[in-house]
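A.B. asks: Each residue of the sequence shown is one higher than the one before, starting from 1 at the first, in my numbering.
The C-beta atom is built at its ideal place from N, Cα and C for all residues, glycine as well.
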Amino acid sequence: MIEWFAVDLIKQAGELIRREIDQSYEVERKTGKGDLVTEIDRAVEQLIVRRIQHTFPEHQIMGEEGTTDQPEQLTGTVWFVDPIDGTLNFIHQKRMFAISIAIMIDGVVEYGFVYDVMADEMFMARKGYGATLNGRTLTTLHEHHVRDAFLSMNATWVTPNHQIAPEILAPIVRDSIGTRAHGAASLELAWLAAGRVDGYITMRNMPWDYAAGKLLVEEVGGRVVSLYGEPIRYDGKTSVLAGSDSFVNDVIKHYVITKGVTAEAKPDLHIVEHDSYEEIRDLLVLANPNEAMVREQFEEGRTYKALLGGEIVGAYMLVSHEGNRVELVNIAVKPERQNQTIGQRMLQDAVKRATMIGGKELLVCTGNSSIMQLRFYQQAGFRFDSVERDYFRDHGYDDIEEDGLVLRDRICLTRPL
Numbered sequence: 001m002i003e004w005f006a007v008d009l010i011k012q013a014g015e016l017i018r019r020e021i022d023q024s025y026e027v028e029r030k031t032g033k034g035d036l037v038t039e040i041d042r043a044v045e046q047l048i049v050r051r052i053q054h055t056f057p058e059h060q061i062m063g064e065e066g067t068t069d070q071p072e073q074l075t076g077t078v079w080f081v082d083p084i085d086g087t088l089n090f091i092h093q094k095r096m097f098a099i100s101i102a103i104m105i106d107g108v109v110e111y112g113f114v115y116d117v118m119a120d121e122m123f124m125a126r127k128g129y130g131a132t133l134n135g136r137t138l139t140t141l142h143e144h145h146v147r148d149a150f151l152s153m154n155a156t157w158v159t160p161n162h163q164i165a166p167e168i169l170a171p172i173v174r175d176s177i178g179t180r181a182h183g184a185a186s187l188e189l190a191w192l193a194a195g196r197v198d199g200y201i202t203m204r205n206m207p208w209d210y211a212a213g214k215l216l217v218e219e220v221g222g223r224v225v226s227l228y229g230e231p232i233r234y235d236g237k238t239s240v241l242a243g244s245d246s247f248v249n250d251v252i253k254h255y256v257i258t259k260g261v262t263a264e265a266k267p268d269l270h271i272v273e274h275d276s277y278e279e280i281r282d283l284l285v286l287a288n289p290n291e292a293m294v295r296e297q298f299e300e301g302r303t304y305k306a307l308l309g310g311e312i313v314g315a316y317m318l319v320s321h322e323g324n325r326v327e328l329v330n331i332a333v334k335p336e337r338q339n340q341t342i343g344q345r346m347l348q349d350a351v352k353r354a355t356m357i358g359g360k361e362l363l364v365c366t367g368n369s370s371i372m373q374l375r376f377y378q379q380a381g382f383r384f385d386s387v388e389r390d391y392f393r394d395h396g397y398d399d400i401e402e403d404g405l406v407l408r409d410r411i412c413l414t415r416p417l
């Protein structure tokens with residue numbers, strides 16, 4: 001069985017590390033003073049790769065130290081291998097490092113293993129079957145917000161760096177109950193799954209760093225996404241945000257979005273002006289089913305579309321009014337792309353564009369029954385401005401009910417620009 005083959009392989013690799021850890025060995029620098037590799041890293045990866053190739057010659061392997069060719073496509077069965085995750089800790093502390101292996105089958109990570117070599121702790125997960133630590137079942141994660149969370153995050157991300165503006169994540173350090181930098185992504189995710197920390201944040205991980213730990217966290221009810229709330233892929237470098245659902249939502253909405261992530265930090269979502277009504281009609285009508293009104297607003301204002309990988313995933317309009325007031329209308333995200341922070345990032349973009357066209361105040365209106373939207377706008381700094389009673393009935397809308405409330409009144413909110 002592949003699971004027990006992997007466990008035996010990892011244990012054998014762990015014995016090799018413990019045997020060699022106090023011996024002299026060569027250390028090489030890869031990309032920077034903190035990115036190191038030793039001959040033991042390579043020896044361990046060679047051991048793991050050889051045994052996998054001998055037993056499963058048809059499987060592909062993606063390893064950190066490059067002892068095998070990286071697969072061009074993640075098809076069939078793929079092993080993600082980090083022989084020593086936390087090499088700096090291995091060299092200087094001789095502890096707090098791990099062997100990390102994940103097994104992907106037909107595009108889904110089915111098995112994850114993180115072995116703390118010096119503590120002899122084996123974290124294991126199988127998709128749909130939960131997670132264990134040395135055979136003991138790990139319990140469901142407790143819900144935490146930033147204010148009551150003990151975090152694992154490297155200090156690099158709150159000092160000048162090329163990945164993200166330091167002021168975006170620095171408030172998390174201030175608001176949490178404590179923050180530690182442990183220096184081994186797979187181990188930090190495993191500790192999160194075990195309840196030893198409550199959240200993990202990094203701006204730069206490779207698949208072999210997070211694949212196994214991600215499954216561990218998800219199998220105890222946690223959530224692992226990019227810092228921007230998007231699903232994590234396994235084909236390259238990514239940011240990682242992990243914790244309970246409450247923690248992840250808290251970080252995204254109250255820190256990343258409200259502090260304003262720069263385009264340089266998140267270049268994959270492109271928002272551009274758009275001039276074709278029919279191409280985005282369905283999105284606009286999703287936001288406002290009164291198509292006659294939508295067409296009129298399209299003619300009066302400016303329309304913008306959000307592109308992700310070339311796909312139109314969202315849209316919004318800006319309509320200028322007297323008194324330097326700009327109204328945001330018909331902001332919508334494709335249903336299958338919702339809850340990925342696209343709406344928040346379009347709102348950020350709308351604020352910037354409304355300011356650029358001379359606006360002093362941004363106006364947005366929604367229905368009395370739209371509880372999620374009212375919460376969304378207030379979290380973004382909007383405050384109640386006016387209520388138009390029976391607006392929707394008077395403007396020919398069909399009867400609509402949301403969350404047990406009948407749509408009757410239009411509520412308008414504003415925020416200064």
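Leaving out five residues on either side along the sequence, give the residues of the same chain with a beta carbon under 6 Å from the beta carbon of leucine 407.
C.D. replies: Counting from 1 along the sequence shown, the entry for residue 407 is found at position 407. Same-chain partners within the cutoff: Gly367, Ser369, Phe392, Ile400.
A.B. asks: Where leucine 308 and leucine 347 are concerned, what is the direct C-alpha to C-alpha distance, given to the nearest angstrom?
C.D. replies: Numbered from its first residue, the sequence shown carries residue 308 at position 308. Numbered from its first residue, the sequence shown carries residue 347 at position 347. Cα-Cα distance, rounded: 16 Å.
A.B. asks: Can you tell me whether lysine 305 is helix, strand or coil according to DSSP?
C.D. replies: On the sequence shown, residue 305 is found 305 positions in, with the first residue counted as 1. Strand, per DSSP.
A.B. asks: Distance check for glutamate 300 and alanine 287, CA to CA, integer angstroms please.
C.D. replies: On the sequence shown, position 287 is the one that residue 287 refers to. On the sequence shown, position 300 is the one that residue 300 refers to. About 17 Å.
A.B. asks: Between Arg50, Phe56, Thr55, which lies nearest to proline 83 when the distance is taken from Cα to Cα?
C.D. replies: Locating residue 83 in the sequence shown gives position 83, where the first residue counts as 1. Checked all of Arg50, Phe56, Thr55; the closest Cα to proline 83 is Arg50.
A.B. asks: Considering glutamine 73, what are the terminal residues of the alpha helix (DSSP H) in which it resides?
C.D. replies: Along the sequence shown, one-based indexing puts residue 73 at 73. No alpha helix (DSSP H) holds glutamine 73; DSSP gives it neither H nor E.
A.B. asks: Measure the Cβ-Cβ separation of valine 158 and threonine 202 and say whether it is below 7 Å.
C.D. replies: As a working mapping, residue 158 is identified with position 158 in the sequence shown. As a working mapping, residue 202 is identified with position 202 in the sequence shown. Contact flag unset, no.
A.B. asks: Hey, would you say arginine 302 sits closer than 7 Å to leucine 283, going by beta carbons?
C.D. replies: Mapped onto the sequence shown, residue 302 falls at position 302. Mapped onto the sequence shown, residue 283 falls at position 283. No, Cβ-Cβ distance for arginine 302 and leucine 283 is not below 7 Å.
A.B. asks: Can you tell me whether serine 424 is helix, strand or coil according to DSSP?
C.D. replies: Missing from the structure shown is residue 424; the chain here goes from 1 to 417 and no further.
A.B. asks: In angstroms with no decimal places, state the Cα-to-Cα distance between proline 231 and serine 152.
C.D. replies: Reading the sequence shown from its first residue, position 231 is the one you call residue 231. Reading the sequence shown from its first residue, position 152 is the one you call residue 152. Distance between the alpha carbons of proline 231 and serine 152 is about 20 Å.
A.B. asks: What's the C-alpha gap between glutamate 388 and arginine 375?
C.D. replies: As a first step, residue 388 is located in the sequence shown; it is residue number 388 there, counting from the start. As a first step, residue 375 is located in the sequence shown; it is residue number 375 there, counting from the start. Spanning the two alpha carbons is a distance of roughly 19 Å.
A.B. asks: Restricting to runs no shorter than 3 residues, where is the beta strand (DSSP E) found entirely within the region 275-359?
C.D. replies: For the region 275-359, whole beta strand (DSSP E) runs of length 3 or above, ordered along the chain, are 302-308, 311-321, 325-333.
A.B. asks: Apply the 10 Å Cβ neighbour rule to threonine 87 and answer buried if 16 or more other Cβ atoms are within range, or exposed otherwise.
C.D. replies: Taking the first residue of the sequence shown as 1, we reach residue 87 at position 87. Threonine 87 should be labelled buried.
A.B. asks: Considering valine 173, what are the terminal residues of the alpha helix (DSSP H) in which it resides?
C.D. replies: The residue labelled residue 173 in the question sits at position 173 within the sequence shown. Here the alpha helix (DSSP H) through valine 173 covers 166-175.
A.B. asks: Between Ile168, Ile2, Ile40, Glu3, which lies nearest to glutamate 15 when the distance is taken from Cα to Cα?
C.D. replies: Reading the sequence shown from its first residue, position 15 is the one you call residue 15. Considering only alpha carbons, the answer is Ile40.
A.B. asks: Does the pairing of the region 103-116 with the region 187-194 give three or more beta-carbon distances under 8 Å?
C.D. replies: Enough Cβ pairs lie closer than 8 Å, so yes.
A.B. asks: For a quick check, are the C-beta atoms of valine 333 and glycine 314 less than 7 Å apart?
C.D. replies: Position 333 of the sequence shown, counting from 1, holds the residue named residue 333. Position 314 of the sequence shown, counting from 1, holds the residue named residue 314. Cβ distance < 7 Å, so valine 333 and glycine 314 count as in contact.
A.B. asks: Helix, strand or coil for alanine 242 per DSSP?
C.D. replies: Stepping through the sequence shown from its first residue, residue 242 is reached at position 242. The answer is strand: DSSP assigns alanine 242 an E or B state.
A.B. asks: What does the alpha-carbon distance come out to for the pair aspartate 434 and arginine 147?
C.D. replies: Examination of residue 434 is not possible in this model, given that the chain is present from 1 through 417 alone.
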